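In full-length UniProt numbering, the protein residues as written are 1 to 500.
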């Protein structure tokens with residue numbers, strides 16, 4: 001398009017006319033009655049609502065001027081180039097029009113697509129991987145491009161989800177799960193996941209084999225540490241330490257079980273020996289109990305004999321007193337028995353000797369009764385000796401009576417003998433009193449001995465009861481020892497299954 005110096009359009013080519021035809025409708029909103037085919041011969045002022053603005057620009061135009069016009073959805077650009085004459089006066093203006101509507105639309109579409117792609121990228125960067133490009137407002141190839149990008153992202157998301165599904169299966173122990181085969185460069189994902197699966201399967205297989213070795217007792221299994229890469233080696237090292245620890249532990253337990261078995265054998269032997277001792281002790285206790293029972297019976301007999309002896313000595317004491325009275329009575333009549341009494345002096349000495357022995361034996365009987373040796377048997381011996389001496393005394397008395405009978409014819413000589421008889425009766429009374437006193441002591445000692453023997457019998461019964469309890473405990477110990485020996489043998493048998 002060409003305009004003269006007065007800004008009247010003098011020429012417009014077909015391209016310019018066609019372009020203006022596309023904007024006629026929009027132009028008429030501002031310039032009623034505008035027709036593209038009728039612009040030649042008209043001043044440009046008719047095309048502007050405010051012509052003064054355009055004139056100020058054109059009046060000062062010295063160099064080409066780039067301008068833009070937006071008419072509705074249409075975007076127009078123009079280049080106004082002034083042409084000056086030789087004197088520098090404006091001669092005409094050349095205006096080159098361009099319809100950049102499609103270009104501007106493409107730029108807007110590209111900007112929209114880039115903005116939404118950037119928003120999606122930021123969302124993905126923030127972890128929202130399901131974010132896609134909003135296709136609303138995109139047209140044509142830009143909409144197709146957005147869809148292609150979304151399809152690509154959806155493909156990546158699907159791939160990621162498949163990988164996550166595979167990883168989740170692996171995390172749940174499903175190492176038989178296989179990732180879908182990916183084409184192209186994505187095949188490296190298959191290689192990576194298959195490598196992970198194979199590594200885990202290898203480790204699982206090895207762990208299972210090592211665990212079965214432990215179950216089977218093969219503690220001498222070697223662990224190939226170099227076959228386990230990276231952190232997997234820690235697992236292998238842990239199993240290797242476990243095998244080493246178990247070998248050491250089982251060895252220690254076997255040694256301790258052996259020592260325990262030896263100790264159990266000793267306990268069993270001791271239990272058997274204890275049982276034997278208890279059997280012997282029980283027999284001895286029974287013998288002692290029987291002996292104690294016998295001693296108790298003997299002591300009762302001795303106590304009864306002592307009581308009888310006490311009664312006899314009391315009778316003898318009365319008889320002695322009566323004899324003393326008779327002797328005193330005969331003293332006057334036996335004054336003439338002095339010579340006969342001299343002849344019987346040896347007999348009287350023998351009686352005195354017997355009395356002395358009787359006292360000694362009575363003393364011994366008291367000592368023996370107090371000591372209760374052999375459960376009072378000594379007293380019986382002493383008592384027998386006392387009886388023997390009593391017999392001797394009786395025989396001596398008979399001889400004395402014979403001598404006295406012989407001296408009856410010489411009554412004048414019996415006085416002194418009667419006096420001596422009186423003295424003898426007094427001495428015998430003293431002896432009888434002493435014997436009575438000792439008999440009382442023996443009786444008391446016999447009673448005490450009977451009480452002591454009763455206590456001994458009760459103690460022996462308690463000892464017998466405890467001995468029976470100890471025997472039962474020995475039997476229980478022997479039984480428990482046998483059970484413990486069987487359990488130890490079972491444990492040792494189980495330990496023998498381990499290969500160290």
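Each residue gets a CB set at the ideal place from its N, CA and C atoms; glycine is no exception. No experiment lies behind these values; they were computed from the predicted model shown.
Residue 74 sits in a strand when the DSSP states are folded into three classes. In the three-state DSSP reduction, residue 172 falls in the coil class, being neither helix nor strand. Distance from the CA of residue 192 to the CA of residue 72, rounded to the nearest whole angstrom, comes to 57 angstroms. Residue 232 sits away from residue 214, with the two beta carbons spaced by 8 angstroms or more. Separation of residue 371 and residue 402 (C-alpha to C-alpha, rounded to the nearest whole angstrom) is 43 angstroms. If you ignore the 5 residues before and after residue 261, its C-beta comes within less than 8 angstroms of the C-beta of 485, 488, 489 and 492, all in its own chain and listed in chain order.
Here residue 3 is near residue 93, since their CB atoms are less than 8 angstroms apart.
In this structure the stretch 84-92 does not touch the stretch 103-118; the number of beta carbon pairs closer than 8 angstroms is below three.
Exclusion of the five residues before and after residue 196 leaves 170 as the residues of its chain whose Cβ lies within less than 7 angstroms of its Cβ.
Nearest to residue 199 by alpha-carbon distance, out of 132, 188 and 227, is 227. Residue 146 counts as buried, since no fewer than 16 other beta carbons sit within 10 angstroms of its beta carbon. Fewer than three pairs of CB atoms, one per stretch, sit closer than 8 angstroms, so the stretch 242-249 makes no contact with the stretch 472-479.
Following the DSSP letters along the chain, one finds residue 11 inside the beta strand (DSSP E) bounded by residues 9-11. The way I'd put it, the stretch 57-67 doesn't touch the stretch 123-138; fewer than three beta-carbon pairs between them come closer than 8 angstroms.
When Cβ pairs closer than 8 angstroms are counted between the two stretches, the stretch 152-168 is seen to touch the stretch 180-191, the count reaching three or more. One alpha carbon belongs to residue 32, the other to residue 78, and they sit about 22 angstroms apart. Between residue 134 and residue 41, the alpha-carbon positions lie close to 50 angstroms from each other. For residue 500, the CB contacts under 7 angstroms within the same chain, skipping 5 residues up- and downstream, are 219, 220, 247, 250 and 251 in chain order. With a beta-carbon spacing of about 29 angstroms, residue 111 and residue 95 fall beyond the 8 angstroms limit used to define contacts. Secondary structure note for residue 20: it is in no beta strand (DSSP E), and the uninterrupted alpha helix (DSSP H) holding it is 14-21. For residue 188, DSSP assigns no beta-bridge partner whatsoever.
If you draw a straight line from the Cα of residue 461 to the Cα of residue 368, it is about 26 angstroms long.
Residue 90 is a Cβ neighbour of residue 82, given a cutoff of 8 angstroms. Taking 8 angstroms as the cut-off, the beta carbon of residue 253 is found no closer than this to the beta carbon of residue 207. Within the same chain, and ignoring the five residues on either side of residue 35 in sequence, the residues whose Cβ sits closer than 8 angstroms to its Cβ are 24. Within the DSSP bridge table, the entry for residue 67 names 78 as partners. For residue 84, DSSP records a beta bridge to 90. Around the Cβ of residue 280, a 10 Å sphere holds fewer than 16 other Cβ atoms; the residue is exposed.
Under a 10 Å Cβ-count criterion, residue 168 is classified as exposed, with fewer than 16 other Cβ atoms of the shown protein chains found around its own Cβ.
Within the same chain, and ignoring the five residues on either side of residue 385 in sequence, the residues whose Cβ sits closer than 6 angstroms to its Cβ are 361. By the Cβ neighbour-count rule, residue 223 is buried, with 16 or more other Cβ atoms within 10 Å of its own.
Between residue 117 and residue 149, the CB-CB gap stays under 8 angstroms. Here the alpha carbon of residue 419 sits roughly 41 angstroms from the alpha carbon of residue 447. Pairing residue 273 with residue 481 gives a Cβ-Cβ distance that is not under 8 angstroms. Here residue 124 is not near residue 101, since their CB atoms are 8 angstroms or more apart.
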